[in-house]
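Worksheet: one structure, shown below.
Residue numbers (the working numbering): 795 to 1283.
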């Protein structure tokens, strides 16, 4: 019985699942990813170290399953990273991640032009410092020597692919989140490349997500393999999370919380036009994923826990959630704007900052803890409402990522949104979505829609309408905070 090895290259961890033909995870592996912040607003990672982690996880997987039993290996990866490499494949820079805001001035300038809005509509990538297009503009102006020396500009996933396959290739999902790819004509955007000052020779060859590639002899030796195994190009963590929740139909949204957060829905056959600040990325040529990403989810909760609830056990996030649950919904009027890393959706303001508002003498540490969780949740629901306004009503929400570790938080999401929140026992939705794509690419299933057979709802959190009324009043006050404060930032 063939297995699928599904790897997810994330911002905080690299994860690897061994999935059988019934869609069940039989083994899982994880390695931490280290981030560097050498300067204010900078957020980098060393791709060579990430490659070592990925190679190590693959070796672990092949130590528990014979290569002859593996149908394919398929990759998911975080979006928006960028690094420069020389002609020998050596990195000239670290990977600049989605959380890096050094190019915010270039993003802001581009946002304010008609040309920039045309790029946004053509590429589906909002104009923000997260975008590799804006990172390239920064690199061209601020580090011209590196820009000129660069043989290729790639993402972390492409860097790893080159180490594995000795080829610069990129799946269409990663390409479509770069701000450099025409998602309607399925090619690199000539206008975006001209603005960035590069041509196609300095980018990777774009492959369909189901395309199979094979290891180079050096990579086979590194992994201790003799058999040729197809490696499927795969996609992005966000898009594959929708597939990993079997959320492909209208009326359903997926809310994911990890280091960052996102609200996403699946659409088909989109037409070019105003997207009202939402993104539009490619899952396959039959399915697009639209929604909005936030910079500030789990990383903000971790910040609060680390700074105000240090714990020798390392469970300070759990402690913060337990403490938050001890005070009433609405935190007795205390509000938190969670923009510690600036923000993507819904405001697209790299200079935005975090704010506690309405502090009074009766507010305790527990109120602050709850306000943090509520603020993160309000920001996600604000994107959800924008998604509904732009596309179609959302009748139910699938939860994935860190939020699924807390039943209390999933109930809070249901109460704030006023919609049922569905939890499936598949916390690694991106990796599981990659496995589903691998099954489709290798013929185990004949359509992506068939992936639904592998999923059942473990728990449904129904909204408490009384609490929803409380949260609705608090939410209205929350949405007034940023417009009133943005000039202060």
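In this text, a Cβ means the ideal position worked out from N, Cα and C, and glycines have one as well.
Rounded to whole angstroms, the gap between the alpha carbons of residue 1146 and residue 1275 is 11 Å. Contact annotation: the stretch 893–912 does not touch the stretch 953–967, with fewer than three C-beta pairs closer than 8 Å. Note that the C-beta distance between residue 963 and residue 999 is below 7 Å.
With a cutoff of 7 Å on beta-carbon distance, residue 1163 and residue 1118 are scored as near each other. Comparing alpha-carbon positions, the option among 1094, 1078, 1041 lying closest to residue 1001 turns out to be 1078. Annotation: residue 1270 to residue 1180 spans about 14 Å, alpha carbon to alpha carbon. About 18 Å separates the CB atoms of residue 1036 and residue 1053; that is not less than 8 Å, and the two are not in contact. Judged by DSSP secondary structure, residue 1263 falls within the alpha helix (DSSP H) whose first and last residues are 1259–1279.
Judged by beta-carbon spacing, residue 848 lies within the 7 Å limit of residue 954, meaning their Cβ atoms are closer than that value. Look at residue 865 here: in three-state DSSP terms it is strand. The beta carbon of residue 1096 lies closer than 7 Å to those of 1111 in the same chain, with the five residues before and after it left out. Every unbroken stretch of the alpha helix (DSSP H) spanning 4 or more residues and falling wholly within the stretch 958–988 is given here in chain order: 966–970. Residue 983 sits away from residue 919, with the two beta carbons spaced by 7 Å or more. In the three-state reduction of the DSSP assignment, residue 1096 falls in the helix class. In the structure shown, residue 1004 falls within a coil segment according to DSSP collapsed to helix, strand and coil. Apart from sequence neighbours up to five positions away, the residues of its chain that approach residue 1013 with a beta-carbon distance below 6 Å are 958, ordered along the chain. Counted as a single uninterrupted DSSP element, the alpha helix (DSSP H) harbouring residue 1227 occupies residues 1223–1235. Under the three-state reduction of DSSP output, residue 839 falls in the strand class. Residue 973 sits close to residue 926, with the two beta carbons spaced by under 7 Å. For residue 945, the three-state secondary structure derived from DSSP is coil.
Here the stretch 1131–1149 lies against the stretch 1170–1189, with 3 or more beta-carbon pairs under 8 Å apart. Burial of residue 975 is indicated by the presence of at least 16 other C-beta atoms within 10 angstroms of its C-beta. Residue 808 sits in a strand when the DSSP states are folded into three classes. CA-to-CA, the gap between residue 836 and residue 1101 works out to about 21 Å. As DSSP reads the structure, residue 1254 sits in a beta bridge with 1216.
For the stretch 1020–1062, the continuous beta strand (DSSP E) assignments of 3+ residues that do not extend past its boundaries occur at 1025–1030, 1046–1051, 1055–1061, in sequence order. Going by DSSP, residue 1066 is part of no beta strand (DSSP E) at all; its letter is neither H nor E. The DSSP-derived three-state label of residue 1170 is helix.
With contact defined as three or more Cβ pairs closer than 8 Å, the stretch 809–823 and the stretch 927–941 are not in contact. With the rule of 3 Cβ pairs closer than 8 Å, the stretch 850–860 does not count as touching the stretch 869–879.
Nearest neighbour of residue 1135 by Cα position, chosen from 893, 883, 859, 828, turns out to be 893. Judged by their CB atoms, residue 1189 and residue 1086 are not nearer to each other than the 7 Å cut-off. Within the same chain, Cβ atoms closer than 7 Å to the Cβ of residue 1083 are found at 1032, 1033, 1036, 1058, 1060, 1075, 1077, the five residues on either side in sequence being excluded. Excluding five sequence positions before and after residue 1252, the CB atoms of its chain that fall closer than 7 Å to its own CB belong to 1217, 1218, 1219, given in chain order.
In the displayed model, residue 1144 falls within coil according to three-state DSSP, outside both helix and strand. Less than 7 Å separates the beta-carbon of residue 1215 from that of residue 1193.
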